[in-house]
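*Asks:* To start, I am sharing the structure in question, which I have written as structure tokens.
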Amino acid sequence: MNTGRPELPKNYDPAEVEPRLYERSLEAGVFHENPDPARPPFIISMPPPNITGRAHLGHGSTYTTMDVLTRYHRMLGDNADWLPGQDHAAIATETVLVRALAEEGQTRAGLGREAFLARAWQWREQYGGAINESFERLGFGPDWERERFTMDAKLSEAVVKVFVDLYNDGLIYRGTRLVNWDPKAQSTLSDAEVENDEIDTSLWHLRYRAEDGGEGLVVATTRPETFFGDVAVVVHSDDERYRHLIGKNVILPLVERPIPVLADDVVEAGFGTGAVKVTPAHDATDYEIGQRHGLPMPTVIDFAGRISAPLWRYDEAAEKRAPIDAQAARMAPYVGLERDEARARVVADLRAAGALAREEPYRTKVPVSSRSHAVIEPLLSLQWFVAMESLAKPALEAYRKGELRFVPERFGRTYEAGLETLRDWNVSRQVWWGHQLPVWYTPADDVIVAHDEEEARRMARERYGSDDLRRDPDTLDTWFSSGLWPFSILGWPEQTPELAHWYPNQVMITSRDIIFLWVSRMVMLGLRFVGKVPFETVFVTPLVFDIQGRKMSKSLGNAIDPMTELVPKYGADGTRLGILRQMRLESQELRFDERYCDEAKRFATKLWNALRYTVALDEGLPGANVLPPHERLTLADRWILTELRRMVETVTNAYDGFEFGVAADALLQFGWYTFCDWYVEATKAPSQRDSRAAVLSFVLNTFVRAMHPIAPFVSEEIWLNLPHDGATIVTASWPDVAEIPAFPEDAGAFRAVIEKVEQLRNARAEWAIAPKESMRVEVPASLAGESGVVEAIATLARAEIATYDDARDGTRDGALRERIAGIRAVADSAKLRERYAREIARLESEVARSEKKLANESFVARASADVVGAERAKLDGYRRELQRNQDALAALAA
RNA sequence: GGGCGCGUAGCUCAGUGGGAGAGCACCACAUUGACACUGUGGGGGUCAGAAGUUCAAUCCUUCUCGCGCCCACCA
Numbered sequence: 016m017n018t019g020r021p022e023l024p025k026n027y028d029p030a031e032v033e034p035r036l037y038e039r040s041l042e043a044g045v046f047h048e049n050p051d052p053a054r055p056p057f058i059i060s061m062p063p064p065n066i067t068g069r070a071h072l073g074h075g076s077t078y079t080t081m082d083v084l085t086r087y088h089r090m091l092g093d094n095a096d097w098l099p100g101q102d103h104a105a106i107a108t109e110t111v112l113v114r115a116l117a118e119e120g121q122t123r124a125g126l127g128r129e130a131f132l133a134r135a136w137q138w139r140e141q142y143g144g145a146i147n148e149s150f151e152r153l154g155f156g157p158d159w160e161r162e163r164f165t166m167d168a169k170l171s172e173a174v175v176k177v178f179v180d181l182y183n184d185g186l187i188y189r190g191t192r193l194v195n196w197d198p199k200a201q202s203t204l205s206d207a208e209v210e211n212d213e214i215d216t217s218l219w220h221l222r223y224r225a226e227d228g229g230e231g232l233v234v235a236t237t238r239p240e241t242f243f244g245d246v247a248v249v250v251h252s253d254d255e256r257y258r259h260l261i262g263k264n265v266i267l268p269l270v271e272r273p274i275p276v277l278a279d280d281v282v283e284a285g286f287g288t289g290a291v292k293v294t295p296a297h298d299a300t301d302y303e304i305g306q307r308h309g310l311p312m313p314t315v316i317d318f319a320g321r322i323s324a325p326l327w328r329y330d331e332a333a334e335k336r337a338p339i340d341a342q343a344a345r346m347a348p349y350v351g352l353e354r355d356e357a358r359a360r361v362v363a364d365l366r367a368a369g370a371l372a373r374e375e376p377y378r379t380k381v382p383v384s385s386r387s388h389a390v391i392e393p394l395l396s397l398q399w400f401v402a403m404e405s406l407a408k409p410a411l412e413a414y415r416k417g418e419l420r421f422v423p424e425r426f427g428r429t430y431e432a433g434l435e436t437l438r439d440w441n442v443s444r445q446v447w448w449g450h451q452l453p454v455w456y457t458p459a460d461d462v463i464v465a466h467d468e469e470e471a472r473r474m475a476r477e478r479y480g481s482d483d484l485r486r487d488p489d490t491l492d493t494w495f496s497s498g499l500w501p502f503s504i505l506g507w508p509e510q511t512p513e514l515a516h517w518y519p520n521q522v523m524i525t526s527r528d529i530i531f532l533w534v535s536r537m538v539m540l541g542l543r544f545v546g547k548v549p550f551e552t553v554f555v556t557p558l559v560f561d562i563q564g565r566k567m568s569k570s571l572g573n574a575i576d577p578m579t580e581l582v583p584k585y586g587a588d589g590t591r592l593g594i595l596r597q598m599r600l601e602s603q604e605l606r607f608d609e610r611y612c613d614e615a616k617r618f619a620t621k622l623w624n625a626l627r628y629t630v631a632l633d634e635g636l637p638g639a640n641v642l643p644p645h646e647r648l649t650l651a652d653r654w655i656l657t658e659l660r661r662m663v664e665t666v667t668n669a670y671d672g673f674e675f676g677v678a679a680d681a682l683l684q685f686g687w688y689t690f691c692d693w694y695v696e697a698t699k700a701p702s703q704r705d706s707r708a709a710v711l712s713f714v715l716n717t718f719v720r721a722m723h724p725i726a727p728f729v730s731e732e733i734w735l736n737l738p739h740d741g742a743t744i745v746t747a748s749w750p751d752v753a754e755i756p757a758f759p760e761d762a763g764a765f766r767a768v769i770e771k772v773e774q775l776r777n778a779r780a781e782w783a784i785a786p787k788e789s790m791r792v793e794v795p796a797s798l799a800g801e802s803g804v805v806e807a808i809a810t811l812a813r814a815e816i817a818t819y820d821d822a823r824d825g826t827r828d829g830a831l832r833e834r835i836a837g838i839r840a841v842a843d844s845a846k847l848r849e850r851y852a853r854e855i856a857r858l859e860s861e862v863a864r865s866e867k868k869l870a871n872e873s874f875v876a877r878a879s880a881d882v883v884g885a886e887r888a889k890l891d892g893y894r895r896e897l898q899r900n901q902d903a904l905a906a907l908a909a
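Basically the numbering used here = 1-based index in the first sequence + 15.
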């Protein structure tokens, strides 16, 4: 089919083309697939963005690669599908909602659970889809018909089933443990959601005098306000300074409470004072020390992050605090103070009491919530936990047996390290937005875990003769439901065709910061509940940094929103290609440089103009992908086809190996510099006329198919304007290298033409021949019949051709490359002499270098035969070329 | 403390055990059958430093220095 000669605009306008073609794809339904066991599956589960999320540059790298691979495998004919969805993002969403309520003067408690949740759903309907619009604008083509939400009814059923099964298997339990408390979000957090921020603070040295009137000791601490909760001081058992105190008591200042000095070898004698205060209820290390020594664990900071009267024993049933001793009175002035206020007050009072031995500036790390960035308070609380050991073990084994592969490989060690040191997972959260625990309590606090309330009541009646129950108000950690993602979205626990053919997924793509926050949990839960790893390969993309090498973040103000800052300027194609160009497999950071997007945008225009040139040819275009018989292909045709084939091989291998930067480089290199700059120019020679329309059309068609996964829009717009088979490039076939003829020898000869043209252009610049003037060039008479060569030189170098008799120098019967090398510029003898002289000097030094190398006996003896042979061939070439230049110079003198 | 990545042209980065590359920026020239969102030519680098392995090191090994990230109970 011939597209005729449409009037194409001079500039390519992504803003017009991209939305139009995306809409076209949606209407054609090309992103939707059903399981087809006849074809190999290629399935990627989209890491579900938060419903509060906005597109950021991380999506530009991570999500673009998913789109690229899905499009690529679809073109290969695979049963390819990219499964999208969203995460309810419990704490993040609740934070947004609470803030919105506050602006209206309302509170969560004031609204009540039911009304709050109604509002949350309404919010999700209204704003939760914003990120999808960004994804569409970026050209992402997931199977929107299969979109899932972690709180969909079906997915929630899966969550409940997993919880109930794990509980019944003894892997979920309730207990009082030290947890990470976020006083701002008013909820616990898992270890994985806690980050460490560096801060400048002080190291305070506190003097605890001995009970027996002796000297006592000095402890060093960064948190003096916790000293109310101290129950011991520990020292290293070998530490001579303190050995005499072990077993004796020291007195806490201000509150005048005696605590024992104990030996524990976790202490490093060399740090601080070598004596450590132990506050088991508010520090993870101290908690472990407390457990080892059977110490009491008084809580002195409450859920609001304020100092509270000491709670010596955790009252599980009521979660009430009961101050029981005389300490309460002495602590009274501090009770109710925020942690920071309390610290200042305590330090001042200790100083006044002579108990502050020293204060030195100190840089340390504080745990903060990865969501709210509030400083975490470790405290004791009654929560629900998942026992990790028996889940982690199979996940480690699966990796070690090779059932799971990381790209790059080294991230497997990150995965292993995370699983080896896993502590039990605190899964209960005190927010309302999320999956409420399927847990009920009797009035006597007996626990019932059931799939729904009806079942819970039935169980209660059977066991206790009454169905008087209250439900646990807590919800599950967001990552509990996302841990099921690769199978819950396929319909599990139902045995659906999707689950049968599409699980395990082929690839999971994510960034390294959530390898054990998320990836390891999917593996553990997938193995436990489906019996197989959820994906075969985990591809870890680099993190995006700004050009100064700082991590992109909203708080730093250096985050780039691709929707407002890149897509309007460069189009989705330019944004995608620009980002992917910067991705390198082994690099763990991508220092984003917008110049690549600009280059990519100009590339689209360049290709667009190559299309305009092609479709405007007088002779018109033949049908899609039809090449003339080989004997009618010119040297230039043979060269571009050979290069095309090489490019397709490179790009194919690159996609298969997650080398997106390599693929993007190869496309740009070929499309711009090989195809536009050389081949398109070469077709302007008369001798190209018979074949050029077919070859241009063939090469462009093949090229845009290879580029389609990365730049879906400009590739399709070009493809639609060329003769093509099928309705859309999205479902066109991936270029088959077997259908691209290659002619290595002729390609080599054309490369010699290119080299010669570059030399001639160089001479033109040197001799200041104006571009519009043609320069005079002589070709060996033996090339006279080679119109492909002679006309290419005439066209590309803008030369006026004469011939010279090459019978004398013996190149007449040489290879085509040799004769092409004999083409020479004509100028006045002074200019030529200068040029020949410079060329001779260059060649002489090359010959000398090569001769010296070959004269080195150990080189000839020890280097491989190939290397030595290549060096000899190189030397021969240099010598011949040197000879030719010397002859030319001599002839000039004569 | 442990682990990882990175130091190549002014900037951002490719690259290879055997003659140092791209884009951008810079300089000069140019409107040749698509393209000024263009073309052609040019200047610019002791490949962080040192030692070792090798016939040969920018590339492999070790160490040093610098930048960045992750993990860990130095209070």
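The C-beta atom is built at its ideal place from N, Cα and C for all residues, glycine as well. All values derive from a computational prediction rather than experimental measurement.
For the stretch 834-845 against the stretch 767-786, are there 3 or more C-beta pairs whose distance is under 8 Å?
*Replies:* Output reads yes: the stretch 767-786 touches the stretch 834-845.
*Asks:* Three-state secondary structure (DSSP) at residue 49?
*Replies:* Taking the first residue of the first sequence as position 1, residue 49 is located at position 34. In this structure, residue 49 counts as coil in the three-state DSSP scheme.
*Asks:* Once you ignore the five residues that flank residue 474 on each side, which residues in its own chain have a CB closer than 7 Å to its CB?
*Replies:* Here residue 474 refers to the residue found at position 459 when the first sequence is read from its first residue. The residues are 463 and 465.
*Asks:* Pull up the distance between the alpha-carbon of residue 337 and that of residue 131, whole angstroms please.
*Replies:* Here residue 337 refers to the residue found at position 322 when the first sequence is read from its first residue. Here residue 131 refers to the residue found at position 116 when the first sequence is read from its first residue. Interpretation of residue 337 is limited by its pLDDT of 42, a score under 50 that renders its predicted location unreliable; the figure taken from the coordinates is listed afterwards. Their backbone Cα atoms lie some 32 Å apart in a straight line.
*Asks:* How is residue 560 classed by DSSP in three states: helix, strand or coil?
*Replies:* Here residue 560 corresponds to residue number 545 of the first sequence, with the count starting at 1. In the structure shown, residue 560 sits in a strand (DSSP, three-state: E or B).
*Asks:* If we count the other Cβ atoms within 10 Å of its Cβ and call it buried at 16 or more, is residue 241 buried or exposed?
*Replies:* Sequence index remark: in the first sequence, residue 241 carries index 226 (1-based). Looking at its Cβ environment, which holds 16 or more other Cβ atoms inside 10 Å, residue 241 is buried.
*Asks:* Quick one: Cα of residue 836 to Cα of residue 818, how far?
*Replies:* Looking up residue 836 in the first sequence gives position 821. Looking up residue 818 in the first sequence gives position 803. Distance between the alpha carbons of residue 836 and residue 818 is about 14 Å.
*Asks:* Quick check on the DSSP output: the beta strand (DSSP E) that includes residue 190 runs from which residue to which?
*Replies:* Position 175 of the first sequence holds residue 190. Element bounds for residue 190: 187-197.
*Asks:* In the DSSP assignment, find the alpha helix (DSSP H) that holds residue 616 and state where it starts and stops.
*Replies:* Counting from 1 along the first sequence, the entry for residue 616 is found at position 601. Note, residue 616: alpha helix (DSSP H), 610-630.
*Asks:* Using CA coordinates, which residue listed in 64, 72 and 77 is at the minimum distance from residue 107?
*Replies:* What you label residue 107 is simply residue 92 of the first sequence in a count that begins at 1. Among 64, 72 and 77, the Cα nearest to that of residue 107 belongs to 64.
*Asks:* Are the CB atoms of residue 432 and residue 548 nearer to each other than 8 Å?
*Replies:* Locating residue 432 in the first sequence gives position 417, counting from the first residue. Locating residue 548 in the first sequence gives position 533, counting from the first residue. No, these two residues do not count as a Cβ contact at 8 Å.
*Asks:* Take the Cβ of residue 40 as the centre, count every other Cβ of all protein chains shown within 10 Å, and call the residue buried at 16 or more, exposed below.
*Replies:* Position 25 of the first sequence holds residue 40. So residue 40 counts as buried.
*Asks:* Could you check how far apart the C-beta atoms of residue 173 and residue 503 are, in whole angstroms? I think they sit under 8 Å.
*Replies:* Here the question's residue 173 lines up with position 158 in the first sequence. Here the question's residue 503 lines up with position 488 in the first sequence. About 4 Å; that satisfies the 8 Å criterion.
*Asks:* At a cut of 8 Å, does the stretch 158-168 reach the stretch 181-196 through at least three beta carbon pairs?
*Replies:* Contact fails: fewer than three Cβ-Cβ distances are below 8 Å.
*Asks:* Looking only at C-alpha atoms, which of 598, 760, 435 and 453 sits nearest to residue 471?
*Replies:* As a position in the first sequence, residue 471 is number 456, starting the count at 1. The shortest Cα separation from residue 471 among 598, 760, 435 and 453 belongs to 453.
*Asks:* Can you round the beta-carbon distance between residue 114 and residue 66 to whole angstroms, since I take them to be within the 8 Å contact cut?
*Replies:* Translated into the one-based positions of the first sequence, residue 114 becomes position 99. Translated into the one-based positions of the first sequence, residue 66 becomes position 51. In fact, because the Cβ distance is near 15 Å, the residues do not count as touching under 8 Å.
*Asks:* Taking all protein chains shown into account, do 16 or more other C-beta atoms lie within 10 angstroms of the C-beta of residue 286, making it buried, or fewer, making it exposed?
*Replies:* Walking along the first sequence from the start, residue 286 turns up at place 271. It is exposed - the Cβ of residue 286 has fewer than 16 other Cβ atoms within 10 Å.
*Asks:* Using only the alpha-carbon positions, how far apart do residue 345 and residue 258 sit?
*Replies:* Start at 1 with the first residue of the first sequence, and residue 345 comes out as number 330. Start at 1 with the first residue of the first sequence, and residue 258 comes out as number 243. Each residue's alpha carbon lies about 31 Å from the other.
*Asks:* Per DSSP, residue 937 is paired with what?
*Replies:* A question about residue 937 goes unanswered here, because the residues of the chain that appear run from 16 up to 909.
*Asks:* So, do the stretch 48-60 and the stretch 694-706 have three or more beta carbon pairs nearer to each other than 8 Å?
*Replies:* The stretch 48-60 vs the stretch 694-706: no contact.
*Asks:* May I ask which residues mark the beginning and end of the alpha helix (DSSP H) holding residue 662?
*Replies:* The residue you call residue 662 lines up with position 647 of the first sequence. First-last of the alpha helix (DSSP H) with residue 662: 650-671.
*Asks:* Quick one: what's got a C-beta closer than 7 Å to residue 886's C-beta in the same chain, skipping five residues either side?
*Replies:* Taking the first sequence and counting its residues from 1, the one referred to as residue 886 is at position 871. Same-chain partners within the cutoff: 865, 868 and 869.
*Asks:* Name the one or two DSSP bridge partners that residue 491 has.
*Replies:* The residue you call residue 491 lines up with position 476 of the first sequence. Looking at the DSSP assignment, residue 491 forms a beta bridge with 443.
*Asks:* Report yes if the CB atom of residue 755 is closer than 8 Å to the CB atom of residue 897, and no otherwise.
*Replies:* Residue 755 sits at position 740 when you count from the first residue of the first sequence. Residue 897 sits at position 882 when you count from the first residue of the first sequence. No, the Cβ-Cβ distance between residue 755 and residue 897 is not below 8 Å.
*Asks:* Pick from 109, 370 and 882: whose alpha carbon is nearest that of residue 492?
*Replies:* For the purposes of this step, residue 492 is identified with residue 477 of the first sequence, where counting begins at 1. The shortest Cα separation from residue 492 among 109, 370 and 882 belongs to 109.
*Asks:* Looking only at DSSP bridge pairs, what is residue 8 linked to?
*Replies:* Because the chain spans 16 through 909 in this model, residue 8 falls outside it and cannot be assessed.
*Asks:* Hey, out of 851, 882, 899 and 883, whose CA is closest to residue 834's CA?
*Replies:* Your numbering for residue 834 matches position 819 in the first sequence. Residue 834 has its Cα closest to that of 899, out of 851, 882, 899 and 883.
*Asks:* If you run the structure through DSSP and keep just helix, strand and coil, what is residue 388?
*Replies:* Numbered from 1 along the first sequence, position 373 holds the residue referred to as residue 388. Correct three-state label for residue 388: coil.
*Asks:* Which class does residue 226 belong to by DSSP, given the choice of helix, strand or coil?
*Replies:* The residue labelled residue 226 in the question sits at position 211 within the first sequence. Residue 226 falls in the coil class under three-state DSSP.
*Asks:* Kindly indicate the opening and closing residues of the beta strand (DSSP E) around residue 606.
*Replies:* As a first step, residue 606 is located in the first sequence; it is residue number 591 there, counting from the start. Element bounds for residue 606: 604-606.
*Asks:* To the nearest angstrom, how far is it from the Cα of residue 901 to the Cα of residue 878?
*Replies:* Position 886 of the first sequence, counted from the start, is the residue given in the question as residue 901. Position 863 of the first sequence, counted from the start, is the residue given in the question as residue 878. Each residue's Cα considered, the two are about 32 Å apart.
*Asks:* Is the stretch 599-609 touching the stretch 681-694 in the sense that three or more CB pairs, one from each, lie closer than 8 Å?
*Replies:* No contact exists between the stretch 681-694 and the stretch 599-609.
*Asks:* So residue 297 and residue 394 are in contact, right, with Cβ under 8 Å, and what is the actual spacing, rounded?
*Replies:* Numbered from its first residue, the first sequence carries residue 297 at position 282. Numbered from its first residue, the first sequence carries residue 394 at position 379. Going by Cβ atoms, the distance from residue 297 to residue 394 rounds to 6 Å, so yes, they are a contact pair.
*Asks:* Taking the CB atoms as reference points, tell me whether residue 527 and residue 555 lie closer together than 8 Å.
*Replies:* Within the first sequence, the letter at position 512 stands for residue 527. Within the first sequence, the letter at position 540 stands for residue 555. Yes, these two residues count as a Cβ contact at 8 Å.
*Asks:* Within 8 Å, do at least three Cβ pairs link the stretch 230-247 to the stretch 290-304?
*Replies:* The answer is yes - the stretch 230-247 touches the stretch 290-304, with three or more Cβ pairs under 8 Å.
*Asks:* Look at the alpha carbon of residue 425 and the alpha carbon of residue 666, and state the distance between them as a whole number of angstroms.
*Replies:* Translated into positions along the first sequence, residue 425 becomes position 410. Translated into positions along the first sequence, residue 666 becomes position 651. Each residue's alpha carbon lies about 24 Å from the other.
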